[in-house]
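Participant: One structure follows; several queries about it will come next.
In the numbering used here, the protein residues as written are 31 to 288.
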């Protein structure tokens, strides 16, 4: 078993198995989270990850009996293993979108999900994708953020599935939850655990506003297309990231038009 496939206990209720799929968009790999109330037999698996048999074997070894599978959003690095996970466990799956809810109602915002004493609160956070979802563990103040907040850097809001207006609203909502003491730790879909969520959320909010100011300035300078804006605003960014940046700029332009 590779180092990435080993289970790491993070809190009394949450452990992580990191998939061996590192990349520009996945950082060190996708974090598959395994949630279980202390002393309970069944667990909840969040984002089974890519269709990698070694990764799935490690997840199932750590999870034991799986009572439920949850998805934070539809991107393949989080959901490719859906069919195989269903085949191996028979566990039902739920998400905001209907793609993974053939045998269950889609999750609704603020819904409370309970599995063997484990309480999970759903927090709809559209923006990174239309169906992005965070999952709060109120007993310990942890928040599973999917790709809404990453453990390193900032996430992509890629038009047209991603939308900046809803994303800014989602950041504001998470910041308010942090201010109220409901979020004390963030367990992201990629990267390391965040122990100072207020500082990271403030950084995300400021970063987005700064990017918007840069895009406005580029438009004032005469740029008319997303590509032209990228070449000016993201000149210091590795060009390999420019296609993703271009989709992000499309989201910013749509936001400014609205």
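Heads up, the beta-carbon is just placed ideally off N, CA and C, and yes, glycines get one too.
Alpha carbon to alpha carbon, how far is residue 58 from residue 221?
Facilitator: Between the alpha carbons of residue 58 and residue 221 lies a distance of about 6 Å.
Participant: Can you tell me the Cα-Cα spacing of residue 286 and residue 174, whole angstroms?
Facilitator: 30 Å
Participant: Could you check what DSSP says for residue 172 in three-state terms: helix, strand or coil?
Facilitator: strand
Participant: Enumerated in chain order, which unbroken segments of the alpha helix (DSSP H) with a length of 4 residues or greater are wholly contained in the stretch 72-99?
Facilitator: 83-93
Participant: Any chance the stretch 95-106 sits against the stretch 136-151, with 3 or more Cβ pairs inside 8 Å?
Facilitator: yes
Participant: For residue 200 and residue 159, which I take to be in contact (beta-carbon distance under 8 Å), what is that distance rounded to the nearest angstrom?
Facilitator: Contact doesn't hold; Cβ gap of about 11 Å is too wide.
Participant: Please report the residue range of the alpha helix (DSSP H) in which residue 200 lies.
Facilitator: From DSSP, the alpha helix (DSSP H) with residue 200 extends over 194-209.
Participant: Alpha carbons only, please: which of 91, 184, 202 and 69 is nearest the one belonging to residue 63?
Facilitator: 91
Participant: Return the residue from the list 80, 237 and 117 that minimises the CA-CA distance to residue 197.
Facilitator: Restricting attention to 80, 237 and 117, the CA atom closest to the CA of residue 197 is found in 237.
Participant: Taking residue 228 as the reference, which of 258, 113, 179 and 152 has the closest Cα?
Facilitator: Distances from the alpha-carbon of residue 228 to those of 258, 113, 179 and 152 put 179 closest.
Participant: Quick test of your reading: residue 49 and residue 41, contact by CB under 8 Å. State the CB separation rounded to the nearest angstrom.
Facilitator: About 20 Å separates the two Cβ atoms, so there is no contact after all.
Participant: Bridge partners for residue 154 per DSSP, in chain order?
Facilitator: In DSSP, residue 154 forms a bridge with 163.
Participant: Step through the CB atoms of chain C and report whether any lies within less than 9 Å of the CB of residue 187.
Facilitator: Among the chains in the structure shown there is no chain C, since it carries only a single protein chain.
Participant: Any idea what DSSP makes of residue 115, helix, strand or coil?
Facilitator: Helix, per DSSP.
Participant: Tell me which residue opens and which closes the alpha helix (DSSP H) that residue 109 is part of.
Facilitator: 106-109
Participant: Out of 55, 262 and 66, which one is the CA nearest neighbour of residue 39?
Facilitator: 66
Participant: Assuming the contact rule is C-beta atoms closer than 8 Å, residue 176 and residue 163 should be a hit. Round their C-beta distance to whole Å, please.
Facilitator: 6 Å
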